[in-house]
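In what follows, a single structure is set out as structure tokens and then discussed.
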Amino acid sequence: TVFDVGIAAGYYSLAQADPLHVFKMVLKGYLSECALSDDELKAFYHAAYGRVLLSACMSAQACAAEPDNEYLAHTAEPGWTVLQKLRSVDPENALRDFQELR
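Using the working numbering, the first residue of the sequence shown is number -2, and each one after it goes up by one.
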């Protein structure tokens, strides 16, 4: 489903210089095998972004519960970085980019 590919794109975007580009490349591969409607393309961005957001929030909760656990702090950082990079992305502009991949 669109949510599966969105979740995959979210994870692939971690620690990448251009997370939106990663979203597009994952989606391009998916679209080479399966078609998505405009509504599904719109949901894709939110699924990918939402997976990163959920991961970052879950990491923050884990870090709060175990503040001395350096591993948890280290794994949380990529998610926050992706969210910061995507902060200026307009979902409607992303949708237009996604539509051009078809």
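Even for Gly, the Cβ is constructed at its ideal location relative to N, Cα and C. Note that the coordinates shown come from a computational prediction; the quantities given were computed from them, not determined experimentally.
Beta-carbon proximity of residue i to residue j, cut-off 8 Å
i: F0; j: L38; result: no
i: L28; j: L83; result: no
i: Y42; j: L92; result: yes
i: A45; j: A6; result: yes
i: T72; j: S56; result: yes
CB-CB length for residue i against residue j, believed under 8 Å
i: V23; j: V2; result: 6 Å
i: A70; j: C60; result: 5 Å
For residue i, the first and last residue of its enclosing alpha helix (DSSP H)
i: V86; result: Element bounds for V86: n/a, residue is neither H nor E.
i: A14; result: No alpha helix (DSSP H) holds A14; DSSP gives it neither H nor E.
i: A32; result: Segment: none, A32 is in no alpha helix (DSSP H) and carries neither H nor E.
(message) Restricting to runs no shorter than 3 residues, where is the beta strand (DSSP E) found entirely within the segment 41 to 75?
(response) For the segment 41 to 75, there is no continuous beta strand (DSSP E) assignment of 3+ residues that stays within its boundaries.
(message) Count Cβ pairs between the segment 46 to 56 and the segment 67 to 82 that sit closer than 8 Å; are there 3 or more?
(response) The segment 46 to 56, when compared against the segment 67 to 82, does touch it at the 8 Å Cβ threshold.
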